[in-house]
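Going by the numbering used here, the final residue of the sequence shown carries number 269, and the count climbs one at a time with no gaps. First the structure, in the form of structure tokens, and then the observations on it.
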Amino acid sequence: MINSIVQNDIAQSFSQAAKSYDQSAFFQRIAGERLMERLDYFKLTPKHILDLGCGTGYFSRQLTKRYPDAQVTGVDFAQGMVQWCQQQSQSETYLCADACQLPFESNSVDLIFSNLTFQWIEDLPQLFHELNRVIKPNGLLLFTTLGPDTLYELKQSWAAVDDYKHVNNFLDMHHVGDAMLSAKMLDPVVDSEPVVIGYQRVTELMRDLKNIGAHNLDQKRKSGLTSPRQLKQLEQHYQQFKLEDGQLPATYELVYGHAFATEHQAASGYHEYLLDLIEQQA
Ligand SMILES: C[S@@+](CC[C@H](N)C(=O)[O-])C[C@H]1O[C@@H](n2cnc3c(N)ncnc32)[C@H](O)[C@@H]1O
């Protein structure tokens, strides 16, 4: 589990990004739209939907449009994002909570939709255990996350400039599948595809990452400002990846996953679950 100081750090960074997020979230929008398309594969008439890690609530609102009879709840642990969502729309409910400790009864949700949130969560077995508890038996978990090839051009270019870590490490999708299995979720499936966003300058990519609140978690991250000389070096090293049209690529390894909740786990009551937690922590 990411320690609470780092978690607060991430939540604060996303809270501060609430106003600038949508104007820089090109990749996040593409990923979420492709995830929405995947809902077509499943025959669903959900009554209660969670948009987990809802950010500015764009996809929470899309889910309301797609399933007008459902109650959509957007959950995010960044208070600033939750407040932003509440100002944008009253058709959904928005709550500030950690995805690993959800304030919902067991067996209470038909569908959990989550776009690009799980890469921020270190303890995936605990996360999937919690989601399996909350989703009704045979209800669906559908998500995207990021794989290790994400932003490899930026990572390699920075490695030629200094020894700090500038880009987060992301888990291989097989670990994500294993974590779903260890939480006893049913029929887990993962696949991935590269998505490339073109930029004129590396600084534009860095500005987008800052605007969406994507914070480098690593203890070895650089704390001071980047000098103009270092930025120039970075731009120079990044040129090796230049595309034929002259743009600089930022590659994301977009990982898709889904699984169904099991009878077995979901059958235990919320209070029993809390008692189990208390027992574990005693
Ligand atoms: C990259 S944004 C994606 C936002 C939105 N799903 C979208 O598609 O635009 C990731 C979001 O996940 C939230 N988040 C990260 N870790 C979380 C956690 N443990 N519990 C709840 N939300 C979390 C962040 O605050 C942020 O708003």
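Ideal Cβ positions, reconstructed from N, Cα and C, are used throughout, including at glycine. These numbers were taken from a predicted model, which means no experiment stands behind them.
Where does the unbroken alpha helix (DSSP H) through residue 54 begin, and where does it stop?
Where residue 54 is concerned, there is no enclosing alpha helix (DSSP H), given that its DSSP letter is neither H nor E.
Less than 8 Å between the CB of residue 271 and some heavy atom of ligand 1, yes or no?
Because the chain here runs from -12 to 269, residue 271 falls outside it and cannot be looked at.
Going by other Cβ atoms of all chains shown within 10 Å of its Cβ, with 16 needed for buried, is residue 190 buried or exposed?
exposed
Where residue 2 sits in the DSSP three-state scheme
helix
Stretch pair the stretch 163 to 173 + the stretch 212 to 231: three plus CB contacts closer than 8 Å:
no
Would you report the Cα separation of residue 250 and residue 124, rounded to the nearest angstrom?
5 Å
Whose C-beta lies closer than 7 Å to the C-beta of residue 17 among residues of the same chain, with five residues either side of it excluded?
182
Those residues which DSSP pairs with residue 24 across a bridge:
Answer by DSSP bridge pairing: none, since residue 24 is not bridged.
Does the separation of the CB atoms of residue 98 and residue 37 fall below 9 Å?
yes
Is DSSP giving residue 199 helix, strand or coil here?
coil
Under 9 Å between C-beta atoms of residue 57 and residue 83:
no
Which residues mark the beginning and the end of the alpha helix (DSSP H) in which residue 115 is found?
111 to 121
Residue 104 CB to nearest heavy atom of ligand 1 below 8 Å
yes
What does the alpha-carbon distance come out to for the pair residue 280 and residue -6?
As shown, the chain starts at -12 and ends at 269. That puts residue 280 outside it, with no answer to give.
Cα-Cα separation between residue 29 and residue 55, rounded to whole angstroms
17 Å
Whole-angstrom distance between residue 27 and residue 33, CA atom to CA atom:
13 Å
Residue from 232, 149 and 185 whose Cα sits closest to the Cα of residue 224
149
Beta-carbon spacing of residue 50, residue 62 below 9 Å:
no
Over what stretch of residues does the beta strand (DSSP E) that includes residue 38 continue unbroken?
35 to 39
Considering only C-alpha positions, which residue in the set 15, 192, 147 and 35 is nearest to residue 79?
35
I'd like to confirm something about residue 137: is its beta-carbon nearer than 8 Å to some heavy atom of ligand 1, or not?
no
Tell me whether residue 111, by its Cβ, gets closer than 8 Å to a heavy atom of ligand 1.
no
Anticipated Cβ contact below 8 Å, residue 7 with residue 198, distance rounded
4 Å
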